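Input: a single structure, listed below in structure tokens.
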Amino acid sequence: DTAVSQTPKYLVTQMGNDKSIKCEQNLGHDTMYWYKQDSKKFLKIMFSYNNKELIINETVPNRFSPKSPDKAHLNLHINSLELGDSAVYFCASSPTLNSPLHFGNGTRLTVT
Amino acid sequence: AQRVTQPEKLLSVFKGAPVELKCNYSYSGSPELFWYVQYSRQRLQLLLRHISRESIKGFTADLNKGETSFHLKKPFAQEEDSAMYYCALHPSGNTPLVFGKGTRLSVIA
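Quick note, the sequences are listed as chains A and B, same order. Positions 500 to 611 (the numbering used here) are the ones given, in order, by the first sequence. Positions 9 to 117 (the numbering used here) are the ones given, in order, by the second sequence.
And the structure:
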């Protein structure tokens, strides 16, 4: 009964490939997020969706495209992967934008 | 612009010693502040928030608006406290949580 689940847990792929990371939450929250944690453990917001609508889109290359088919899902698709995309990507959700976040376990992406 | 500063990347203390993880923020409004913790190979989780004024796992944090600080404290560190700690600021409106760069706490037996 994991609250925020991400798949896959690990993703190893070559430069230039396209990959997706899926996220689902069963908490009934309205808001979902993607954060990137780099090798120095710095956490940076990438996107936020509220009720399937994009509300925050930070300075992220347009190779990254979030998709929210419904309120419980926020997937992240990455085109033309680059070495610098290697990081841990965390999905999170919250009841509203102003509430504490519930994080998934993270997806460790390694681009070779 | 909102900013959260955690000046220490790494903090090592002996078991039983007091711990203070520093956090300073920059925000012109009334902030809402949090501490999140990430244990080894686990997800980030909320540790405490300033409006709750509670103690979780022996940790407390007091918001000091004069010093714009929200330091995390524990009187006696335990080995299981070893983790990454992130201070976070929630500005008002449709603005996401802003995280500090994190401090790795290492409690030595």
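Cβ atoms here follow ideal geometry from the backbone N, Cα and C, with glycine treated the same way. None of these values were measured; they are calculated from a predicted model.
query, result
"Terminal residues of the beta strand (DSSP E) in which A:M531 lies", "T530 to Q536"
"Status (buried if at least 16 other CB within 10 Å, exposed otherwise) for B:E75", "exposed"
"Residue-level contact to chain A via CB, B:Y93, 8 Å cutoff", "no"
"8 Å Cβ cutoff, A:S504 in contact with chain B", "no"
"Bridge partner(s) assigned by DSSP for A:S592", "A:M531 and A:H601"
"Contact with chain B by A:N597, beta-carbon distance below 8 Å", "yes"
"Exposure label - B:I116; buried when at least 16 CB within 10 Å", "exposed"
"Alpha carbon of B:K109 to alpha carbon of B:C31, nearest angstrom", "10 Å"
"Proximal chain A residues relative to B:K109, where beta-carbon distance stays under 9 Å", "K539, K540, F541 and L542"
"Buried or exposed by the 16-neighbour rule on C-beta atoms within 10 Å, applied to A:V511", "exposed"
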